Amino acid sequence: KAGVTQTPRYLIKTRGQQVTLSCSPISGHRSVSWYQQTPGQGLQFLFEYFSETQRNKGNFPGRFSGRQFSNSRSEMNVSTLELGDSALYLCASSLRTGTGELFFGEGSRLTVL
Amino acid sequence: KQEVTQIPAALSVPEGENLVLNCSFTDSAIYNLQWFRQDPGKGLTSLLLIQSSQREQTSGRLNASLDKSSGRSTLYIAASQPGDSATYLCAVRGLNAGGTSYGKLTFGQGTILTVHP
């Protein structure tokens, strides 16, 4: 059974650009969450999607957005990139929203120059 | 606001030792608690999930306990091996006033474990 798949694994962008990250959950999982991991702040919750609807949102600016498709795949977008957006972005999936065990992907490492 | 603290921040032990990692949280109104390990440059691997109604969970050489009233969880690793070297993270799901989950996980900063041969 395939795990959570995130693409791309690594990317480099410059300030002001935008980026889109993709996440394919474990087959049958309908909830997808996104987290940002940095050395200084640790792991912080971005948002959660279930059945194509955003169910929860963390304390990030509006430059961070996401969506979920009918096949449960999810994308997150960061617009007008800043140096501080450099981080490992982790996607996690679970069977149910808000309650089940979370399974994480390998992450997308974003470097903003 | 939920805060999760993990002690110690780093731990180095010889192979074969039994060890305990600690996790404390400030708000005892939790839905569940999950322990993860993270290898350098990798994602998180789920180790154990404890529901708020449970006291402990076991998987192989790992045993996690939960004392919700005191806001504490421990991860016990028996007979440690060099392959156990990783960062161990504790995360809790909070409960809102209506008794349902907030959904998000609040993570501790992790314990970096090194097991040397």
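Chains as they are written, first to last, in the working numbering: chain A, 1 to 113; chain B, 1001 to 1117.
Think of the CB as a built atom: it goes at the ideal place given N, C-alpha and C, for glycine as much as any other residue.
All of these numbers come straight from a predicted model, not from anything done at the bench.
Going straight from the alpha carbon of residue 16/A to that of residue 1019/B, what length do you get?
-> Cα to Cα, the separation comes out at about 47 Å.
Neighbourhood of residue 1014/B by C-beta, 7 Å cutoff - its chain only, sequence neighbours within 5 removed = Taking C-beta separations shorter than 7 Å and ignoring five residues to either side along the sequence, the partners of residue 1014/B in its chain run 1116, following chain order.
Going by alpha carbons, who is nearest to residue 1072/B out of 1058/B, 1029/B, 1113/B?
-> Taking only the C-alpha atoms, the option nearest residue 1072/B is 1029/B.
Examine chain A for any beta-carbon lying closer than 9 Å to the beta-carbon of residue 1043/B, and answer yes or no.
-> Interface criterion met: the Cβ of residue 1043/B is under 9 Å from a Cβ in chain A.
Within chain B, the residues that residue 116/A reaches when beta carbons sit closer than 9 Å = Lying before the first or after the last residue shown, residue 116/A is absent from chain A, which here runs from 1 to 113.
Chain A contact for residue 1108/B (CB, 9 Å cutoff) | Using a Cβ-Cβ cut-off of 9 Å, residue 1108/B counts as an interface residue toward chain A, since at least one Cβ of chain A sits closer than that to its own.
Residue 1042/B, enclosing beta strand (DSSP E) - first and last residue = Taken as a continuous stretch (DSSP letters only), residue 1042/B belongs to no beta strand (DSSP E), as it is neither H nor E.
Pair within 9 Å by beta-carbon distance, residue 58/A and residue 69/A | The Cβ atoms of residue 58/A and residue 69/A lie no closer than 9 Å to each other.
Which same chain residues, not among the five before or five after residue 50/A, have their C-beta less than 7 Å away from its C-beta?
-> A distance below 7 Å between beta-carbons, with the five flanking residues on each side excluded, links residue 50/A to the following residues of its chain, in chain order: 30, 31, 97.
Just grab the DSSP bridge partners of residue 87/A for me.
-> In DSSP, residue 87/A forms a bridge with 110/A.
Would a C-beta distance cut-off of 9 Å place residue 1033/B and residue 1021/B closer than the cut-off?
-> Not a contact, by the Cβ cut-off of 9 Å.
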